[in-house]
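Numbering of the sequence shown is given in our numbering, commencing with residue 324 and proceeding in unit increments. Using N, Cα and C, we set each Cβ at its ideal position, and we do this for glycine too. Okay, so here's the structure we're looking at.
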Amino acid sequence: MTKTMRSIRIFILALGIIMSASMVSCKKLLDTEPGEVLGDGQMYRNVYDADAAVIGIYGKFMGLASKYTILNELRGDLLDVTPNSDRYLNQLNSFSVQEGNPYADPRPFYEVILYCNDAMKNFKRMLDEGKLKQSEFDTRYSDIGALRSWIYLQLGIQYGEVPYVTEPIEKIDDLKNEALFPRLSFGQLLDQLIVFMEALPFKNDYPSGTTLLTSVDSYSTTKFFINKQMVLGDLHLWKGDYNAAARSYRAVLEYATSNYASGTDQYYEVYRMTYSYITGANWTNIFVQPYGERYSNYENIWMLPFDKNFKPENPFISLLANSGGGKYQVSPSALAINDWDSQMRSDATPYDLRGRGASWTFDNSKPVVKKQIAAYNSQTPFEKNGKWILYRAGALHLRFAEAANRDHQNKIAYAFLNNGIAGSFDRTPGVANRDVTNMMNSLDYPEPYNFDARNGDFPRFRSDWYRHTGIRNRAGVAQSAIAKSDSARFFDMSNPDWYTREVTDHHGLALFLEDRIVEEGALELAFEGYRWPDLLRVALRREKEAPGTGVTFLQSKINAKFAAKGIPAPDLSNKAKWYLPFKWN
324 MTKTMRSIRI
334 FILALGIIMS
344 ASMVSCKKLL
354 DTEPGEVLGD
364 GQMYRNVYDA
374 DAAVIGIYGK
384 FMGLASKYTI
394 LNELRGDLLD
404 VTPNSDRYLN
414 QLNSFSVQEG
424 NPYADPRPFY
434 EVILYCNDAM
444 KNFKRMLDEG
454 KLKQSEFDTR
464 YSDIGALRSW
474 IYLQLGIQYG
484 EVPYVTEPIE
494 KIDDLKNEAL
504 FPRLSFGQLL
514 DQLIVFMEAL
524 PFKNDYPSGT
534 TLLTSVDSYS
544 TTKFFINKQM
554 VLGDLHLWKG
564 DYNAAARSYR
574 AVLEYATSNY
584 ASGTDQYYEV
594 YRMTYSYITG
604 ANWTNIFVQP
614 YGERYSNYEN
624 IWMLPFDKNF
634 KPENPFISLL
644 ANSGGGKYQV
654 SPSALAINDW
664 DSQMRSDATP
674 YDLRGRGASW
684 TFDNSKPVVK
694 KQIAAYNSQT
704 PFEKNGKWIL
714 YRAGALHLRF
724 AEAANRDHQN
734 KIAYAFLNNG
744 IAGSFDRTPG
754 VANRDVTNMM
764 NSLDYPEPYN
774 FDARNGDFPR
784 FRSDWYRHTG
794 IRNRAGVAQS
804 AIAKSDSARF
814 FDMSNPDWYT
824 REVTDHHGLA
834 LFLEDRIVEE
844 GALELAFEGY
854 RWPDLLRVAL
864 RREKEAPGTG
874 VTFLQSKINA
884 KFAAKGIPAP
894 DLSNKAKWYL
904 PFKWN
């Protein structure tokens with residue numbers, strides 16, 4: 324047995340011993356340093372060993388948090404270097420990565436993938452030997468398979484061409500050998516991932532009663548695990564199958580329908596982007612509130628906790644803070660700050676409340692990213708608790724809007740971006756005592772775009788989506804309206820009824836709304852790891868449609884970041900510069 328396989332099995336074995344022996348502690352689970360190699364017969368003996376493998380893999384996965392965030396934000400337009408940034412961060416920022424850059428090293432991603440491969444192979448063996456029930460196998464195999472697929476998607480985004488390995492291998496360094504492991508193009512990789520994900524035996528969250536759903540050092544594990552429908556939606560969105568993407572996202576949007584009693588807050592609120600609890604100035608509670616807090620859980624879909632009592636340590640404090648344990652290695656870009664400050668709220672007052680004091684703040688007179696360190700206090704520098712939010716409702720709504728827009732459902736996209744289904748499908752807003760039977764809904768639209776947001780008393784309606792509001796309306800900023808000059812480009816203005824005007828330029832309108840969705844992504848999701856993927860996805864899409872337009876789109880975004888600092892931008896006219904070199908350290 325090689326060192327690679329030995330280390331994987333030692334790691335998983337130790338977790339199994341702990342999990343089987345007693346109530347799991349994150350510190351014990353993630354800090355274990357086993358000292359000897361034990362045989363296969365002492366591993367993967369029962370469902371608790373399988374659970375230990377799952378939790379252990381997520382513990383290993385958490386070590387990717389800083390790499391994921393830096394690669395996906397510093398290469399975009401919203402995060403920037405500081406005087407404290409080392410040469411590696413500066414290389415990423417200027418698209419001039421050199422060999423030996425630890426952030427650009429793909430090896431840590433593949434280390435987690437190999438843990439996944441080993442566990443999935445052993446889950447199959449346990450099923451064959453009767454050590455796992457079919458339902459126990461289906462849930463755990465699908466969970467780890469989805470996590471592996473998400474990691475591969477990240478590899479495709481960063482490197483373009485990568486080896487796709489789904490079985491355990493003896494030597495991790497063999498992955499550098501293209502003769503042994505040929506690299507797939509990004510498109511080929513997406514095809515493989517979609518086929519695999521669609522074939523998974525279980526695509527929902529772990530069902531109630533699953534032994535993995537427990538409390539670990541006071542942290543509920545319910546949100547630990549990846550959302551498979553989100554992964555499927557993302558894969559289809561990257562591939563350009565927009566209807567399939569929207570269907571997967573709709574499954575997540577409807578999570579509350581099948582998990583909460585009708586009429587409860589959770590039924591109307593969870594993942595539905597509503598007008599209560601975390602609207603306006605309360606939006607920052609998504610990040611400020613502790614892991615597991617009730618109302619922020621209405622928003623957060625997949626997240627993992629950092630705690631001072633177990634490894635890995637919260638990496639964001641060192642990266643982002645400018646006091647206490649912070650080294651202030653990256654900061655909000657001037658462009659990002661200007662974008663928030665230039666917004667107008669719906670009450671005609673200036674600046675976006677999601678900016679200053681929420682997404683970013685001042686620390687020792689310097690602008691710092693606040694989202695990931697919202698609970699950090701430099702006066703107690705060793706208190707490093709936090710949470711890594713990987714999927715949340717804000718991202719879900721923008722992705723659904725992006726898919727809908729490209730699937731010729733522009734009005735749905737507009738509703739999700741701006742003022743919600745009820746607001747966008749109401750031709751007589753503000754009229755009291757109305758019969759709303761035939762308004763405030765898109766029930767005549769095809770699935771997955773048929774929403775019921777009716778809210779009235781004559782007759783009474785409190786439909787599933789009646790509390791829904793759009794991204795901008797929730798934040799309290801003015802709608803991203805289509806100006807009259809733009810309306811003339813896209814609509815038949817000879818029809819005096821604004822509600823029934825036909826679109827005359829569908830592609831032009833789709834591009835216009837796509838630009839607005841990208842702009843809104845900067846305001847809603849900055850610094851969370853979405854930015855470079857969003858820019859790259861749109862650039863690749865447009866480049867495929869009309870060569871040169873994707874380059875122009877991406878170059879303009881990066882140009883704006885550097886122009887706000889008054890320095891020249893890197894040249895991204897060569898698509899090869901959009902990807903990192905696949906080099907191992």
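Does DSSP classify residue i as helix, strand or coil?
i: residue 601; result: coil
i: residue 889; result: coil
i: residue 626; result: strand
i: residue 667; result: strand
i: residue 709; result: strand
i: residue 531; result: coil
i: residue 814; result: strand
i: residue 683; result: strand
i: residue 876; result: helix
i: residue 653; result: strand
i: residue 731; result: coil
i: residue 370; result: helix
i: residue 275; result: In the structure displayed, the chain extends from 324 to 908; residue 275 sits before or after that span and is not available.
i: residue 426; result: helix
i: residue 402; result: strand
i: residue 913; result: Here the chain comprises residues numbered 324 to 908, so residue 913 is not present and cannot be evaluated.
i: residue 908; result: coil
i: residue 836; result: helix
i: residue 780; result: strand
i: residue 638; result: coil
i: residue 619; result: helix
Could you check whether the Cβ of residue i sits closer than 7 Å to any Cβ belonging to chain B?
i: residue 436; result: The chain inventory of the structure shown lacks chain B, comprising one protein chain alone.
Measure how close the beta-carbons of residue i and residue j come, nearest whole angstrom, since I'm counting them as under 8 Å.
i: residue 800; j: residue 894; result: At roughly 34 Å, the Cβ-Cβ gap does not stay under 8 Å, so residue 800 and residue 894 are not in contact.
i: residue 430; j: residue 908; result: 7 Å
i: residue 523; j: residue 465; result: 4 Å
i: residue 394; j: residue 426; result: 6 Å
i: residue 794; j: residue 725; result: With 8 Å as the limit, residue 794 and residue 725 do not qualify as a contact, their Cβ atoms being about 12 Å apart.
i: residue 846; j: residue 722; result: No, residue 846 and residue 722 are not in contact; Cβ-Cβ is about 15 Å, not under 8 Å.
Buried or exposed: residue i, going by 16 or more other Cβ atoms within 10 Å of its Cβ?
i: residue 347; result: In this prediction, residue 347 scores a pLDDT of 42, lower than 50, which makes its location untrustworthy; no coordinate-derived value is stated.
i: residue 880; result: buried
i: residue 720; result: buried
i: residue 518; result: exposed
i: residue 791; result: buried
i: residue 406; result: exposed
i: residue 899; result: exposed
i: residue 521; result: exposed
i: residue 673; result: exposed
i: residue 639; result: buried
i: residue 754; result: exposed
i: residue 822; result: exposed
i: residue 705; result: exposed
i: residue 707; result: buried
i: residue 780; result: exposed
i: residue 838; result: exposed
Straight-line CA distance for residue i to residue j?
i: residue 820; j: residue 750; result: 10 Å
i: residue 555; j: residue 562; result: 11 Å
i: residue 741; j: residue 803; result: 6 Å
i: residue 351; j: residue 391; result: Residue confidence is low: residue 351 scores 45 on pLDDT, short of 50, so the model does not pin down where it sits. No coordinate-derived value is stated.
i: residue 284; j: residue 789; result: The requested residue 284 is not part of the displayed model; the chain covers only 324 to 908.
i: residue 917; j: residue 688; result: The chain is shown only over 324 to 908; residue 917 falls outside these bounds and no answer can be derived.
i: residue 841; j: residue 423; result: 33 Å
i: residue 490; j: residue 787; result: 44 Å
i: residue 686; j: residue 656; result: 15 Å
i: residue 700; j: residue 718; result: 28 Å
i: residue 503; j: residue 494; result: 11 Å
i: residue 527; j: residue 587; result: 22 Å
i: residue 652; j: residue 782; result: 58 Å
i: residue 449; j: residue 752; result: 59 Å
i: residue 904; j: residue 715; result: 30 Å
i: residue 825; j: residue 564; result: 25 Å
i: residue 486; j: residue 472; result: 13 Å
TODO: Say whether the region 433-448 touches the region 888-903, bearing in mind that this needs 3 or more beta-carbon pairs closer than 8 Å, one atom from each stretch.
DONE: no
Open item on the list: Closer than 8 Å is the cut-off here; do at least three beta carbon pairs connect the region 608-615 with the region 657-672?
Closed with: no
TODO: Evaluate contact between the region 410-420 and the region 857-870, counting only Cβ atoms and requiring at least three cross-stretch pairs below 8 Å.
DONE: no
Task: Touching by the beta-carbon criterion (3+ pairs, under 8 Å), the region 783-800 and the region 590-603 - done: Counting Cβ pairs under 8 Å, three or more are found: they touch.
Open item on the list: Between the region 389-404 and the region 851-866, can you find at least three pairs of beta-carbon atoms closer than 8 Å?
Closed with: yes
Task: Touching by the beta-carbon criterion (3+ pairs, under 8 Å), the region 535-549 and the region 616-630 - done: yes
TODO: Take every Cβ of the region 729-738, pair it with every Cβ of the region 825-835, and state whether three or more of those distances are shorter than 8 Å.
DONE: The region 729-738 makes contact with the region 825-835: 3 or more CB pairs, one atom from each, lie closer than 8 Å.
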